Amino acid sequence: MQDDTARFQALHERAYDAFDAGQLCEARDLFTSLIERDPTSPHYHYMLALAHKYLRDWPACLEHNLRSLELRGAFDESSHWNAGIAATALGDWAQARAQWEACGIALPPGEGPVEDDFGIVGIRLNPWSHGETLFARRVDVVRAQVLNVPLPESGLRCGDVVLHDGACTGQRDYGEQVVPVFNMLELLARSPCATFTVFIECPSPDDMGSLLALPRPGVVAIEDWTESVRHLCLRCSHGFPHTHERSTDAWDALRSLGMAAASRGDVEDLLDAWKSGSPGRRVESVQAQEDEPTSPADGVVWWRGPEDDDDGSGDGSSDFEGSGRPVPGT
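Going by full-length UniProt numbering, the residue at position 88 of the sequence shown is 88; the numbering climbs one at a time, nothing skipped.
In structure tokens form, the structure reads like this:
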């Protein structure tokens with residue numbers, strides 16, 4: 001009997017260690033083994049659901065969160081939230097609504113998808129590969145539509161609808177507001193607008209203002225990546241090398257833009273109209289690039305944000321994502 005208890009304790013520790021190390025496939029198998037030995041533990045069903053969540057196996061995630069709730073027989077914020085995320089990913093709107101209502105979240109009436117304005121948030125795209133953070137408008141508790149023009153390497157587009165986590169992993173300034181940042185979990189709906197990388201010579205800020213002020217049928221968004229992207233030089237990475245020796249306060253006439261548009265022709269029409277307005281304006285290149293969002297690799301603990309504490313408690317609603325270890329049998 002003592003040997004059985006020791007083996008069970010060792011299995012328990014291995015399962016949590018695997019999860020904490022980001023070894024989700026191993027954690028999934030180990031928590032499955034724990035449930036076979038202790039099928040009435042809500043903690044193990046919750047942790048198995050959590051492993052399935054980050055593996056993005058939504059049917060299994062929903063199943064084990066619901067089992068966790070059934071075994072607890074009481075409200076559990078973590079299980080309700082993760083069940084709601086899984087149900088949203090699956091398009092099970094009745095189940096998703098039931099989980100959000102259990103959490104006390106006010107929803108617009110109806111039976112289908114939740115469609116409302118839940119405010120602006122930051123979304124960390126592809127968080128498993130150091131993806132960029134941009135802004136999105138939440139149309140649901142855990143669905144958000146991308147507002148910026150993402151870098152094409154992200155595989156995302158302006159207007160895409162993504163599923164995001166319920167755990168806040170930081171915050172960003174948005175105008176005069178401070179908004180929470182959430183990790184993207186999955187692309188749900190593709191925007192019809194493709195992403196175009198545009199390199200121009202723009203003599204002055206006024207010339208940039210003229211471009212932004214022009215009527216732009218078919219072009220839904222323009223992003224000046226020269227200002228907003230700091231961690232790499234897009235011109236050099238796309239084969240347009242140039243000098244970087246300039247004052248940080250000086251206007252750089254060589255601009256790198258991102259445009260979200262229905263077609264390349266719409267982009268070129270806009271740029272032709274802009275060039276004709278003043279000498280010195282020049283278009284070097286218009287490039288279309290279509291990548292796909294990446295997938296997380298096993299062994300990467302990507303769900304914790306850079307602002308999270310070492311103990312995993314994080315900030316804000318990230319508390320309910322912790323993998324706290326109950327004593328086996330409790």
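Positions of the beta carbon are idealized from the N, C-alpha and C atoms, including for glycine. All figures in this text were calculated on a predicted structure; none of them were measured in a lab.
From the options, residue whose alpha carbon lies closest to that of residue i
i           : options                           : result
Ser276      : Cys202, Arg7 and Arg172           : Cys202
Val161      : Phe135, Cys168 and Pro296         : Phe135
Pro293      : Ala194, Phe196 and Glu153         : Glu153
residue 347 : Ala261, Ala94, Arg14 and Ala15    : Because the chain spans 1 through 330 in this model, residue 347 falls outside it and cannot be assessed.
residue 358 : Glu70, Trp302, Leu163 and Gln177  : No answer is possible for residue 358: it lies beyond the span of the chain, which begins at 1 and ends at 330.
Tyr174      : Cys193, Asn82 and Ile123          : Ile123
Leu185      : Arg304, Asp3 and Leu34            : Arg304
Asp165      : Gln171, Phe182 and Val149         : Phe182
Ser228      : Val267, Asp20, Ser68 and Glu132   : Glu132
Asp207      : Ala144, Ala60, Arg255 and Lys53   : Arg255
Phe118      : Ala102, Ala106, Asp140 and Asn126 : Asp140
Gly112      : Cys103, Asp92, Gly104 and Cys158  : Asp92
Thr226      : Pro205, Ile35 and Arg28           : Pro205
Ala253      : Phe199, Ser285 and Leu271         : Phe199
Ser285      : Gly299, Trp128 and Met259         : Met259
His130      : Leu151, Val142, Glu115 and Gln145 : Leu151
Trp58       : Asp224, Asp269, Ala221 and Leu188 : Leu188
Gly104      : Val114, Glu77 and Glu115          : Glu77
Same chain, Cβ closer than 7 Å to residue i, neighbours up to 5 away in sequence not counted
i      : result
Ser295 : none
Ala87  : Leu62, Gln95, Ala96 and Gln99
Trp274 : Ser210, Leu211, Leu214 and Arg281
Arg56  : Leu185 and Glu186
Asp4   : none
Collapsed DSSP secondary structure at residue i in the structure displayed
i      : result
Ser41  : coil
Phe196 : strand
Ile85  : helix
Asn126 : coil
Gln23  : coil
Ser228 : helix
Ile105 : coil
Glu292 : coil
Arg56  : coil
Ser68  : helix
Asp92  : coil
Ser247 : Summary for Ser247: the model assigns pLDDT 49, below 50, so the residue's position carries little reliability, and this model does not support an answer.
Cys168 : strand
Arg216 : coil
Asp29  : helix
Arg282 : strand
According to DSSP, residues forming a beta bridge with residue i
i      : result
Glu186 : Leu163
Ala136 : Val121 and Val146
Gln287 : Thr197
Met259 : Phe196 and Ile222
Leu254 : Glu201
Tyr174 : Gln177
Residue-level contact to chain B via CB, residue i, 8 Å cutoff
i      : result
Ala250 : Here chain B cannot be found, since the structure has a single protein chain.
Buried versus exposed, by CB contacts within 10 Å (16 or more), residue i
i      : result
His45  : buried
Pro109 : exposed
Ser41  : buried
Ala6   : exposed
Arg190 : exposed
Phe75  : exposed
Cys158 : buried
Ala297 : exposed
Ala288 : exposed
Cys193 : buried
His12  : buried
Asp266 : buried
Pro127 : buried
Glu223 : buried
Own chain partners of residue i with C-beta closer than 8 Å, once the 5 adjacent residues on each side are dropped
i      : result
Ala178 : The question names Ala, but residue 178 is Val in the sequence shown. For Val178, where only same-chain residues beyond five positions count, the Cβ hits under 8 Å are Gln171 and Arg172.
Val301 : Asp20, Ala21 and Gly22
Ile120 : Phe135, Ala136, Arg137, Arg138, Leu147, Tyr174, Gln177 and Val179
Nonlocal neighbours in the same chain, by C-beta distance under 6 Å from residue i, ignoring five residues either side
i     : result
His64 : His45, Leu48 and Ala49
Glu26 : Ala18
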